[in-house]
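In what follows, a structure is listed as structure tokens, so that the remarks can point back to it.
Numbering (the working numbering), first residue to last: 416 to 537.
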């Protein structure tokens, strides 16, 4: 018999996306963990990716050419970007004393009732 397959939604943050794009040691494990998952993230992820690569360029860690290639790889990752409620995010900031970008990720996971994948440590 054929079973109905339902993909699991998973919020993925900037640290995991950068690790995959930049071929960090965690890449294989992250890809394995996200197989058959619907990846979602707040719309802010797009700007966070840009900010991460701009910081690498500014510090001389990568060239513009490598950053451009990285963005092309990012564009191929099947992500659904969603809006999050700014008021809820600020409540999370106040409650947990985190930065807004982290609160957007948490709000996204809470709103969707799904786990969040991150390489960040508290």
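Note that beta-carbon positions come from the ideal geometry of N, C-alpha and C, so glycine has one too.
When the options are compared against residue i, the one with the closest alpha-carbon
| i | options | result |
| --- | --- | --- |
| residue 522 | 434, 536, 502 and 533 | 502 |
| residue 469 | 486, 454 and 453 | 486 |
| residue 527 | 508, 496 and 489 | 496 |
| residue 507 | 437, 444 and 524 | 524 |
| residue 466 | 429, 438 and 533 | 429 |
| residue 426 | 454, 477 and 438 | 454 |
| residue 461 | 432, 512 and 510 | 432 |
Outcome for residue i when other beta-carbon atoms lying within 10 angstroms are tallied against a minimum of 16
| i | result |
| --- | --- |
| residue 491 | exposed |
| residue 493 | exposed |
| residue 416 | In this prediction, residue 416 has a pLDDT of 47, which is less than 50 and means its spatial position is unreliable; what the coordinates show is noted afterwards. With fewer than 16 other Cβ atoms within 10 Å, it is exposed. |
| residue 530 | exposed |
| residue 463 | buried |
| residue 482 | buried |
Supposed contact pair residue j and residue i - C-beta distance, whole angstroms, cut 8 Å
| i | j | result |
| --- | --- | --- |
| residue 423 | residue 452 | 5 Å |
| residue 459 | residue 514 | Not really, about 11 Å apart at Cβ, beyond 8 Å. |
| residue 436 | residue 489 | 6 Å |
| residue 534 | residue 434 | 6 Å |
Continuous alpha helix (DSSP H) stretch holding residue i: start and end
| i | result |
| --- | --- |
| residue 437 | Careful: residue 437 lies outside any alpha helix (DSSP H) and carries neither H nor E. |
| residue 447 | 442-449 |
Extract the residue ranges of the alpha helix (DSSP H) inside the stretch 505-535, only unbroken runs of 4 or more that lie entirely within it.
For the stretch 505-535, the full-length alpha helix (DSSP H) segments reaching 4 residues or more read 515-527 along the chain.
Output the residue ranges of the alpha helix (DSSP H) runs that lie fully inside the stretch 456-498 and measure 4 residues or longer, sorted by chain position.
459-473 and 479-491
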